[in-house]
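Trainee: Heads up: the sequence shown begins at 2 in the numbering used here, then just goes up one per residue.
Below you'll find the structure I mean.
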Amino acid sequence: MLQRLGRFCAHHHRIVIVVWLALLIGAGVAAVARNGQPKDEFSVPGTQSQQALDLLSTEFPSASGAGATVVFKVSSGALTDATQEAAVNATLDNIKKISGVSSVSSPFAETPTTITWDEGTPSVQTAKQAITPDGQVGFASVTFDAPITSADQATSWFDQLQQAAQPATQAGIDVTFGGAVVDAGNPAPPGVSEYSKYIGLGVAVIILLFAFGSAVSMSVPIGTAVVSVTISTFLTTVLEASFTVGSIGPVLGDMLGLAVCIDYSLFIVSKYRSLRDEGQETLDAVGHALGTAGTAVLFAAIAVCLALCGLILVGIPYITQVGFVAAGYVVMSMLAALTLVPALLGAIGNHINGGRIFHRDHGPDFVGIGARWAGFIDRRRGLVGGVALVILVVLILPVRSMTFGLPDDGDIDPALTQQQSFQLIDENFGPGQNGSLLLAIDLPTITDQNMVQVLDAFEKLQTAVAGAQDVARVSLPIPNNFPTSSDPSAMPTAAIMQVVPTVAPNDPAATTLVENLRNTVIPQALEGTAIPASNVYVGGQTAINIDMTDKLIEELPIYILAVVATAFLLLLMAFRSVYVAGTAAVMNLLSIGAAYGVLVAVFQWGWAKDAIGLVTTLPIVPFVPVMMFAVLFGLSMDYEVFLISRIREHYLASGDAREAVRTGLSTVARVIIVAAAIMMSVFASFVPNPDPEVKMIGFGLTIAVLIDVTLVRMALVPASLQLLPKANWWFPRWLDKILPKISVE
């Protein structure tokens, strides 16, 4: 079927090229018209943090919007001095006038801390908790009436906050800003990372020029990739206008789209050139190239998409969305490789080697490096396999100390205002102030009869939480409603309490605190009271991060098992070999484990962190290993398919298993290495990105491809096949009868 498709596209190349250009223009027009933007919305269904968010949005709509923090600092004197206080208050008044602001706290406000009852009469104790004892540092919390819907909206809010702070800055007060609004509205300057795609593309051009020695041959994969990724980017922008798409999705899509489209096109063009060298005409060569290399491309793309779409098993919407978006880029790359590449080859015709940079004429006795390496493995298969395995195991060892956490403003460029704000709060109000917890309480129906019991439950809850280990302070319960003179029957249906820990959000002690509150402190405090413990949800960003990590750790084994089992089954159907499919699954896991180990050594331990522009060490972002597994398992299947298909082709022709490995490896080694070099150049171009998550993904994928190609595909796989040649193509007859056959030849 693919052979006929290739001939059709080559023969009707004008029509196919026009269709792709029309799709490009149409997608571009739609993107401009819709102008969607990515939105990062983290939710973890079925967890307490999600229940807290849901209750907050329902019962406290004005408090569920985006937030910002404004920090004031004076080097001499105090913020409470008359002039300084007036300037701060003028700033706060300006902020209140910003459209969309629902509430603004004051650093000078007395906050209720405890309440006691004496024969029915309340006694409230207050304290100034948003200003230091010496009065030199204080902060105000700003809440908007809606969540962030776009980067433009956040930028507008941040600009207005800066303008509103002019009275304070003119009075000599240092003003810094933090919070979600500032993070979204004031990202780190992209620097060279703004041109990541173009840098990766430029390096790919150079590699292809050396690989093909021809500007025309080089232009086919590059042109196809540019068209494919541009269309995918436009369509993603259209989707963003109607659906929530995380910011990592388009970034990962750009990485994958460029890398796999160039690689897929490279394999097809390489096969086409070799067929033309054998004397085939254009249409025949295109058809045969698509029937062989194109089939492997289709199989590899399906494997990548299955791994990415399988992220739905993790059960976290954000990760699922990113997986689907990235899979969309891969599908577009596959379609372009299978239709646009044949059309371009048909249009180029006999000029495929045009624009020669240099000419290769090695002669009949030339033995390439691929053949020499294949011969060395044949002679020293035990040594090569053993060394590769030992290196992989050593690289895997750091995985034992992997810790998870989302980067915070303390991990970013110190020149950014949100990092300065974060540090000021950390140093003057404790590390927990930057990651406070929120107790969301779903209250029972309150009546005159149970009012006292509910208040008693509140008091017990606050006392117990305040006395818990690693808790700095707890606010009084804030109800969503209360009786007034105009509506004396109004009763609260929910309440919230802020819990400020003594530990930082990414400190393991924060996880222990959340678990202790949920499993011990709150249930014991509310036992036998009017408020069931099951109605109290521990939430806040710190709790969301913890729940996301726990969810990933819980679901990751299921996801890995599903992907490995699917890959094993696909390889069984394709190559009819238990040994090949089994070793491929194991080696893929070794390759990914080694990449994880390097990730831990660099990002957690700080080894060579300066070389990649990492500001400080940080924990591994929870979804990065999951995304890496999805991408890398799929990509490693690419190289496995291209390598094994050639080995099997020679085995079927000769019947000699060892000779088939040697010949097959020597045939495809150069192409696989070139493809891997291109993929690494694309991934590595994203490493300079100042966003720690993007940097982590780019670096992780670069290292993973390097490990997979050098230690696994070019060493361990052929060595293992040479060690047990008789087992290579063993396949039980009963299994051969029940499993369908997939051709990748």
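Glycine residues also receive a C-beta, built at the ideal position from the N, C-alpha and C atoms.
Just so it is clear, the structure is predicted and the values come from calculations on it, not from any experiment.
Anyone know if the C-beta pair for residue 659 and residue 379 falls short of 8 Å?
Mentor: Yes.
Trainee: Tell me which residue opens and which closes the alpha helix (DSSP H) that residue 552 is part of.
Mentor: Taken as a continuous stretch (DSSP letters only), the alpha helix (DSSP H) holding residue 552 covers 542 to 576.
Trainee: If you run the structure through DSSP and keep just helix, strand and coil, what is residue 68?
Mentor: Correct three-state label for residue 68: strand.
Trainee: When DSSP labels each residue in this structure, what does residue 447 get in the three-state scheme?
Mentor: Reduced to three states, the DSSP call for residue 447 is coil.
Trainee: Which two residues bound the contiguous beta strand (DSSP E) that contains residue 179?
Mentor: Looking at the DSSP string, the run of the beta strand (DSSP E) that includes residue 179 is 175 to 179.
Trainee: Between which residues of its own chain and residue 51 is the CB-CB distance below 6 Å, once the five residues before and five after are set aside?
Mentor: Closer than 6 Å at Cβ, skipping near neighbours: 44 and 45.
Trainee: Just reading off the beta strand (DSSP E) that residue 145 is part of, what are its end residues?
Mentor: It spans 138 to 145 - the beta strand (DSSP E) in which residue 145 sits, taken as one unbroken run.
Trainee: Buried or exposed: residue 727, going by 16 or more other Cβ atoms within 10 Å of its Cβ?
Mentor: When all chains shown are included, residue 727 counts as exposed.
Trainee: How should residue 428 be labelled, buried or exposed, when 16 other C-beta atoms within 10 angstroms of its C-beta is the threshold for buried?
Mentor: Exposed: under 16 other Cβ atoms inside 10 Å.
Trainee: Take residue 297 and list the residues in its own chain whose beta-carbon comes closer than 6 Å to its own, dropping the five residues that flank it on each side.
Mentor: 642, 643, 646 and 745, listed in sequence order.
Trainee: What did DSSP end up calling residue 49 once you bin it into helix, strand or coil?
Mentor: Residue 49: helix per DSSP, three-state reduction.
Trainee: Using a Cβ-Cβ cut-off of 7 Å (strictly less than) and excluding sequence neighbours within five positions of residue 185, which residues of its own chain qualify?
Mentor: Answer for residue 185: 149, 152 and 155, listed in chain order.
Trainee: May I ask you to report which of helix, strand or coil DSSP gives residue 107?
Mentor: Three-state DSSP puts residue 107 in coil, outside helix and strand.
Trainee: Taking one C-beta from the region 609 to 620 and one from the region 412 to 427 each time, how about it: are there three or more such pairs within less than 8 Å?
Mentor: Counting Cβ pairs under 8 Å, three or more are found: they touch.
Trainee: Can you round the beta-carbon distance between residue 503 and residue 471 to whole angstroms, since I take them to be within the 8 Å contact cut?
Mentor: Right, their Cβ atoms sit about 5 Å apart.
Trainee: I believe residue 316 touches residue 556 by the beta-carbon criterion, under 8 Å. Please report the beta-carbon distance rounded to the nearest angstrom.
Mentor: Going by Cβ atoms, the distance from residue 316 to residue 556 rounds to 5 Å, so yes, they are a contact pair.
Trainee: Helix or strand or just coil, what does DSSP make of residue 469?
Mentor: Coil, per DSSP.
Trainee: Nearest to residue 104 by CA position, among 61, 135 and 130, is which residue?
Mentor: Ranking 61, 135 and 130 by Cα distance to residue 104 puts 61 first.
Trainee: Do you know how far the Cα of residue 11 is from the Cα of residue 691?
Mentor: Between residue 691 and residue 11, the C-alpha separation is close to 43 Å.
Trainee: So, does the region 579 to 592 touch the region 708 to 721, judging by three or more C-beta pairs under 8 Å?
Mentor: Yes, since at least three Cβ pairs between the region 579 to 592 and the region 708 to 721 fall closer than 8 Å, the two stretches touch.
Trainee: Smallest Cα separation from residue 632: which of 666, 709, 554 and 245?
Mentor: Checking every option, the nearest Cα to that of residue 632 belongs to 709.
Trainee: Work out the CA separation of residue 249 and residue 323 for me, nearest whole Å.
Mentor: Cα to Cα, residue 323 sits roughly 7 Å from residue 249.
Trainee: Have a look at residue 211 and residue 233 and give me their C-alpha separation to the nearest angstrom.
Mentor: Spanning the two alpha carbons is a distance of roughly 28 Å.
Trainee: With respect to the alpha helix (DSSP H) encompassing residue 680, which residues constitute its N-terminal and C-terminal limits?
Mentor: Residue 680 -> alpha helix (DSSP H) spans 658 to 685.
Trainee: Does the distance from the C-beta atom of residue 467 to that of residue 474 stay below 8 Å?
Mentor: Their beta carbons are under 8 Å apart, which means residue 467 touches residue 474 by this criterion.
Trainee: Whole angstroms are fine: how far does the CA of residue 251 sit from the CA of residue 700?
Mentor: Near 17 Å, if we compare the C-alpha coordinates of residue 251 and residue 700.
Trainee: Assign residue 366 to buried or exposed, taking buried as 16 or more other Cβ atoms, counted over all protein chains shown, within 10 Å of its Cβ.
Mentor: Caution applies to residue 366, whose pLDDT of 41 falls short of 50 and renders its modelled position unreliable; the value that the coordinates give is listed next. So residue 366 ends up on the exposed side.
Trainee: Kindly give me the distance between the Cβ atoms of residue 72 and residue 138, rounded to whole angstroms, as I take these residues to be in contact under 8 Å.
Mentor: That pair is a contact at about 7 Å.
Trainee: Among all the DSSP beta bridges, which residues are the ones paired with residue 127?
Mentor: Paired residues: 113.
Trainee: So does the region 532 to 545 actually touch the region 509 to 519, counting three or more Cβ pairs closer than 8 Å?
Mentor: Segments in contact, yes.
Trainee: Looking at the unbroken alpha helix (DSSP H) that takes in residue 715, where does it start and where does it end?
Mentor: Element bounds for residue 715: n/a, residue is neither H nor E.
Trainee: Quick check: what's the CA-CA separation for residue 364 versus residue 331?
Mentor: Residue confidence is low: residue 364 scores 43 on pLDDT, short of 50, so the model does not pin down where it sits. No coordinate-derived value is stated.
Trainee: Around the Cβ of residue 127, are there at least 16 other Cβ atoms within 10 angstroms (buried) or fewer (exposed)?
Mentor: Counting Cβ neighbours within 10 Å, residue 127 comes out exposed, since fewer than 16 surround it.
Trainee: DSSP three-state label for residue 4, please.
Mentor: If DSSP states are grouped into helix, strand and coil, residue 4 belongs with the helices.
Trainee: I believe residue 260 touches residue 564 by the beta-carbon criterion, under 8 Å. Please report the beta-carbon distance rounded to the nearest angstrom.
Mentor: The pair is not a contact, with the Cβ atoms about 19 Å apart (cut-off 8 Å).
Trainee: Taking the alpha carbon of residue 558 as the point to measure from, which residue in 627, 224 and 580 has its own alpha carbon closest?
Mentor: Checked all of 627, 224 and 580; the closest Cα to residue 558 is 627.
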